[in-house]
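The sequence shown lines up with residues 1 to 428 when you count with the UniProt record's numbering. Here the structure is laid out as structure tokens; the discussion comes afterwards.
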Amino acid sequence: MSSEQPPKFWPVGEDIQPSPLPNVPLWNPALWETVEEEIDALDSSLRELSLSIHARPELMFEERHAHDVLTDYVSNQGFVVKKNYVLSTGWEARFAHGSGGRTIGVNSEMDALPGVGHACGHNLIAIAGVAVACAIKKAIIKHNISGAVILLGTPGEEGGMGKKIMLAAGAYKDMDGCVMCHPAPGPNATSSLSSCLAIQRMTAKYKGHSAHAALSPWEGQNALDAAVLAYNNIAALRQQLRPHIRVHGIFKGEAWAPNVIPDNAEMTWLVRSPRFNEVQEVAQRVKKCFEASALATDCQVEIFADPKNSMTELRQNETLGQAFEQIFNAKYGVVDRLYGIGSASTDFGNVTYALPSIHPSFAIPTEPNGGNHTKAFALSAASKESHIACLNISKVLALTGLRLLADDEFAQQMKKTFDTDEALRISS
Numbered sequence: 001m002s003s004e005q006p007p008k009f010w011p012v013g014e015d016i017q018p019s020p021l022p023n024v025p026l027w028n029p030a031l032w033e034t035v036e037e038e039i040d041a042l043d044s045s046l047r048e049l050s051l052s053i054h055a056r057p058e059l060m061f062e063e064r065h066a067h068d069v070l071t072d073y074v075s076n077q078g079f080v081v082k083k084n085y086v087l088s089t090g091w092e093a094r095f096a097h098g099s100g101g102r103t104i105g106v107n108s109e110m111d112a113l114p115g116v117g118h119a120c121g122h123n124l125i126a127i128a129g130v131a132v133a134c135a136i137k138k139a140i141i142k143h144n145i146s147g148a149v150i151l152l153g154t155p156g157e158e159g160g161m162g163k164k165i166m167l168a169a170g171a172y173k174d175m176d177g178c179v180m181c182h183p184a185p186g187p188n189a190t191s192s193l194s195s196c197l198a199i200q201r202m203t204a205k206y207k208g209h210s211a212h213a214a215l216s217p218w219e220g221q222n223a224l225d226a227a228v229l230a231y232n233n234i235a236a237l238r239q240q241l242r243p244h245i246r247v248h249g250i251f252k253g254e255a256w257a258p259n260v261i262p263d264n265a266e267m268t269w270l271v272r273s274p275r276f277n278e279v280q281e282v283a284q285r286v287k288k289c290f291e292a293s294a295l296a297t298d299c300q301v302e303i304f305a306d307p308k309n310s311m312t313e314l315r316q317n318e319t320l321g322q323a324f325e326q327i328f329n330a331k332y333g334v335v336d337r338l339y340g341i342g343s344a345s346t347d348f349g350n351v352t353y354a355l356p357s358i359h360p361s362f363a364i365p366t367e368p369n370g371g372n373h374t375k376a377f378a379l380s381a382a383s384k385e386s387h388i389a390c391l392n393i394s395k396v397l398a399l400t401g402l403r404l405l406a407d408d409e410f411a412q413q414m415k416k417t418f419d420t421d422e423a424l425r426i427s428s
């Protein structure tokens, strides 16, 4: 056996090579066949939809083109659609079959990033949600399974916390469980069920007093100095933080000039950790860094650390995760815990605290150092190989969702797992 470790990325230009694990049983092959047939039939139209969104990147809460093309698509697929749902670019698509039954939720993200477009691959997440919902719809009709699927178009993941807003507005209240996926670098044809970091956004606004920087600097109170000192305070603080904690930020100002003592400066910082309670603890120490620099420069500071600007870590439901992993292993290969988006953050974390959910990531081909939030990743998100990987994981998520609808014992175990996780969180 080779001692070499697998590459941390799937190199651009390398064909997808699924490697199913031997002797792994597939839950309900008949349903899998229906899922596979439906998604394969939609392949070309989903590819066209993905490239249309990719070619017109839209920032958070401005996803008007994506909103329109996605809602038109699912409406043509027979879903009951609510446009401009909760948020101006949010939407909901529902389909129910039979009498009673459970409801599976699915998410489609749509927004892009400033300057680098779809450098997080939300065009792929958008069509994955559509593919999963369409496959579930087809299967519950063909196999006469009572239940429903709700597909949410969730705007503003990149900094806007759109899902948190939609969650508070009740958009998830009818769901028994929810699934979605996310592209990331990783070994060829793999998926990951890693967690994700909780996050708190913090802003400090410094107010000083302007003066001529050469003629009479003693008349000034330098707000820029306050921001620089706070930056250095936090840099020193990082040495005493645990390795898994991330604290990073920027500062800016208005009407600065090199010959004028700046009377204003604003800083935005993000504090991240695998545990939300630890984020809150570190945020208090960052706050002291802000306050100390204001004291040293005789400036005033306003600090904003509203809990509304926080997101929890990603809590993968173990029962749903095991079902997903078994299907993926049987059809495509390995589900690992190392790669994926473990050191990023997502507003889906709050959804996983509200109801049983999973958020696996899937590998797409990337250049070295061309991971999420780079221009290289934006190019990767439009590749044919990425499209294939996206549809593959969509098939696995669809069958996972169908198990929630069709298997009573599984649904009970999923809910039990969620309740246990919640009890542990409250007691910790």
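We put the beta carbon where it would ideally sit given N, CA and C, even for glycine. Just so you know, these numbers come straight off a predicted model, no measurement behind them.
Quick check on residue i: does DSSP put it in helix, strand or coil?
i	result
Y332	coil
A213	coil
V106	strand
R238	helix
S394	helix
M1	Note on M1: pLDDT 31, under 50, position unreliable in the model; no value is reported.
K207	strand
T374	coil
F418	helix
V35	helix
N309	helix
N264	strand
G117	strand
V228	helix
I327	helix
F410	helix
I341	coil
K164	helix
S191	strand
N233	helix
A66	helix
E58	coil
K173	coil
Y73	helix
G186	coil
Is the separation between the beta-carbon of residue i and that of residue j shorter than 7 Å?
i	j	result
S194	G370	no
T319	M414	yes
A189	G333	yes
G115	A381	no
T203	F304	yes
A184	G340	yes
L402	A131	no
F418	N277	no
A128	A378	no
S192	S361	yes
V351	K82	no
N264	A213	no
K205	E63	no
K137	T34	no
N233	C289	yes
L124	C390	yes
V24	N392	no
Name the one or two DSSP bridge partners that residue i has.
i	result
C181	Partner(s): none; C181 has no beta bridge.
G78	G78 is not bridged to any residue.
V271	Q200, V247
G147	H97, R102
T366	P11
T154	E109
I358	V179
S221	Looking at the sequence shown, residue 221 is not Ser but Gln. According to DSSP, Q221 bridges with H209.
Along the alpha helix (DSSP H) that carries residue i, what are the first and last residues, could you check?
i	result
L49	43-55
V351	348-354
Q284	276-297
Along the chain, where does the beta strand (DSSP E) that runs through residue i open and close?
i	result
R315	Neither: R315 is in no beta strand (DSSP E) and is coded neither H nor E.
R94	91-97
A257	Premise fails: A257 is in no beta strand (DSSP E) and is neither H nor E.
V24	Where V24 is concerned, there is no enclosing beta strand (DSSP E), given that its DSSP letter is neither H nor E.
I16	Counting along the chain, I16 falls outside any beta strand (DSSP E), and DSSP gives it neither H nor E.
V132	From DSSP, V132 is part of no beta strand (DSSP E) but of the alpha helix (DSSP H) over 122-142.
I303	300-304
Would you please verify whether the beta carbon of residue i is less than 7 Å from any beta carbon of chain B?
i	result
V132	Absent here is chain B; the protein component of the structure consists of one chain.
### Task
Answer yes if the region 310-325 comes into contact with the region 204-224, meaning at least three C-beta pairs across the two stretches below 8 Å, and no otherwise.
no
*For the 8 Å Cβ check, are there 3 or more pairs between the region 106-124 and the region 177-187?*
yes
Assess contact between the region 271-283 and the region 161-172, defined as three or more Cβ pairs (one per stretch) separated by less than 8 Å. Is contact present? no
- Message: Quick check: the region 25-44 against the region 84-94, are at least 3 beta-carbon pairs closer than 8 Å?
- Response: no
Item to complete: Would you be able to state if there are at least three C-beta pairs under 8 Å between the region 197-211 and the region 293-311?
Response: yes
- Item | At least 3 beta-carbon pairs within less than 8 Å: the region 153-165 vs the region 54-68 | yes
How do the region 206-221 and the region 44-54 stand: do at least 3 beta-carbon pairs fall below 8 Å, yes or no?
no
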